[in-house]
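Please read the structure below before turning to the comments.
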Amino acid sequence: MRLASFVAAVYDRRIIRVMGGTMAAKFPVRALGTSREVRALPGFVFALGILVIAGSVFAADLGRDRDHDYDAPVPGTYALPVVKPAAGGPLIDSAGKSVDLRDLTHGRITVLSFIYTRCADGRACPYASNVLGQLQLASAKDKMLGDKMRLVSLSFDPADTPQRMAEYGDAMRETNTGCEWRFVAAKSPSDLESILMAYGQAVDKRANPADPLGPLYHVLRVFLIDSQGRVRNIYSSGTLDPRLVLADIKTLMLEQAKTSGGTSSSRPTNL
Numbered sequence: 014m015r016l017a018s019f020v021a022a023v024y025d026r027r028i029i030r031v032m033g034g035t036m037a038a039k040f041p042v043r044a045l046g047t048s049r050e051v052r053a054l055p056g057f058v059f060a061l062g063i064l065v066i067a068g069s070v071f072a073a074d075l076g077r078d079r080d081h082d083y084d085a086p087v088p089g090t091y092a093l094p095v096v097k098p099a100a101g102g103p104l105i106d107s108a109g110k111s112v113d114l115r116d117l118t119h120g121r122i123t124v125l126s127f128i129y130t131r132c133a134d135g136r137a138c139p140y141a142s143n144v145l146g147q148l149q150l151a152s153a154k155d156k157m158l159g160d161k162m163r164l165v166s167l168s169f170d171p172a173d174t175p176q177r178m179a180e181y182g183d184a185m186r187e188t189n190t191g192c193e194w195r196f197v198a199a200k201s202p203s204d205l206e207s208i209l210m211a212y213g214q215a216v217d218k219r220a221n222p223a224d225p226l227g228p229l230y231h232v233l234r235v236f237l238i239d240s241q242g243r244v245r246n247i248y249s250s251g252t253l254d255p256r257l258v259l260a261d262i263k264t265l266m267l268e269q270a271k272t273s274g275g276t277s278s279s280r281p282t283n284l
């Protein structure tokens with residue numbers, strides 16, 4: 014299967030060019046003035062052109078933009094209510110090992126994103142994965158954030174095998190440092206249905222399976238879960254601002270330090 018020799022993806026007023034070849038070959042990608050090679054994988058090559066900007070944008074460089082034209086809140090100046098307990102469920106990770114979602118939503122502050130690798134909708138999975146990439150880069154510069162935070166990308170597409178999730182993870186991770194970032198899928202269709210129902214994540218098949226945006230339709234939902242396994246915020250495409258997510262995470266870190274009797278030395282660094 015051949016790609017066009019030139020694909021232009023416009024994301025947040027930036028143009029990312031993917032120079033063509035065959036699928037499953039390496040393509041030189043120029044993103045925000047930085048050239049590097051990435052492996053284009055069948056099914057999410059178009060999304061990859063959008064995702065690479067995660068490696069070129071660091072959270073500290075973020076400010077107001079057209080979609081988020083406000084000042085981010087100061088961590089610790091507000092409280093996040095408990096929404097509900099975070100559900101568990103049988104999963105398989107990108108290494109083919111069994112894991113329960115409960116184990117990935119306890120012990121650390123977790124950002125859980127429901128995605129699928131074939132999604133090419135720039136305001137859905139690619140955008141969510143980009144935000145998680147920015148969070149990982151931020152954690153690489155902040156040891157406490159790296160120790161306290163976990164990222165989880167959970168696929169709702171039965172076609173996303175462990176190998177496919179591993180390849181997607183390799184394409185997404187810009188650094189091996191920073192916080193843990195897990196790429197997982199449900200063990201069975203029934204397990205997936207139970208997890209999606211528990212989190213209120215709607216997914217449906219598009220009428221046209223060859224739709225350029227991908228074969229599945231879904232509403233973007235990303236969950237912030239505290240170290241005790243409680244959902245504390247739910248972000249949509251309109252509220253998934255990395256500055257806000259970072260502020261919320263650091264607010265939970267401050268809450269945790271206060272509850273455990275932490276001293277001022279355990280306070281997270283400023284955004």
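Every position in the sequence shown, counted from 1, becomes a number in my numbering once 13 is added. Every residue gets a Cβ at the ideal spot worked out from N, C-alpha and C, and that includes glycine. As the structure is a prediction and not an experimental result, all values here were calculated from the model.
Quick one, which of the options has its alpha-carbon nearest residue i's?
i	options	result
GLN149	ARG186, CYS132 and GLN214	ARG186
LEU229	PHE169, TYR212 and ALA108	PHE169
ARG243	HIS119, THR252 and SER201	HIS119
GLN241	ALA99, ASP155 and GLY227	ALA99
VAL258	VAL165, VAL124 and TYR91	VAL124
Buried or exposed for residue i, going by 16 or more other Cβ atoms inside 10 Å?
i	result
MET210	exposed
ARG219	exposed
LYS263	buried
LYS97	exposed
ALA72	With a pLDDT of only 39 at ALA72, under the threshold of 50, the placement of this residue in the model should not be trusted, and no figure is reported.
LYS161	buried
ALA172	exposed
PRO144	Looking at the sequence provided, one finds Val at residue 144 rather than Pro. Buried, since its Cβ has 16 or more Cβ neighbours within 10 Å.
THR188	exposed
PRO222	exposed
THR272	exposed
GLY227	buried
GLY146	buried
ASP290	With the chain represented from 14 up to 284, any question about residue 290 goes unanswered, as that position is not in the structure.
TYR83	exposed
TYR91	exposed
Residue i to residue j, Cα distance in whole Å?
i	j	result
ASP239	ALA260	13 Å
SER142	PRO86	22 Å
LEU104	LEU114	6 Å
PHE127	SER111	18 Å
ALA270	GLY89	11 Å
ALA199	ASP116	14 Å
ARG234	GLY213	9 Å
PRO225	LEU267	43 Å
VAL216	HIS231	5 Å
THR252	SER201	31 Å
PHE57	TYR129	Because the pLDDT at PHE57 is just 49, under 50, the model does not fix this residue reliably, and the point stays unresolved.
GLY165	ARG131	Residue identity check: residue 165 is Val in the sequence provided, not Gly. Roughly 17 Å separates the two Cα atoms.
GLU206	CYS138	19 Å
ARG256	SER250	14 Å
Looking only at its chain, what residues have a beta carbon closer than 6 Å to the beta carbon of residue i, apart from the 5 residues adjacent to it on each side?
i	result
ARG245	LEU93, LEU237 and ASP239
SER107	PRO175, MET178, ALA179, GLY182 and PHE196
LEU158	SER152
THR190	ALA153
GLY101	ASP113, LEU114 and ARG115
LEU265	ILE122 and ASP239
ASP204	GLY102 and PRO103
GLU193	ARG163
LEU167	PHE127 and VAL197
TYR140	none
TYR248	VAL235
If I follow the unbroken beta strand (DSSP E) through residue i, where does it start and stop?
i	result
ALA199	193 to 199
ASP113	111 to 113
PRO103	103 to 106
LEU226	LEU226 -> no beta strand (DSSP E), and no H or E assigned at all.
VAL216	216 to 218
LEU237	235 to 238
Enumerate in chain order the residues of its own chain whose CB-to-CB distance from residue i is below 7 Å, with the five nearest sequence positions on each side excluded.
i	result
VAL95	ARG243 and ARG245
GLY109	PRO175
ILE208	ALA100, GLY102, LEU114 and ALA199
Residue i lies in the alpha helix (DSSP H); which residues open and close that run?
i	result
SER142	138 to 153
SER168	Looking at the DSSP string, SER168 is not in any alpha helix (DSSP H); the run it does join, the beta strand (DSSP E), is 162 to 168.
SER249	Run containing SER249: none; DSSP gives neither H nor E here.
THR123	No alpha helix (DSSP H) holds THR123; the beta strand (DSSP E) holding it covers 122 to 128.
LEU93	Counting along the chain, LEU93 falls outside any alpha helix (DSSP H), and DSSP gives it neither H nor E.
VAL258	255 to 272
ARG186	First-last for ARG186: undefined, no H or E at that position.
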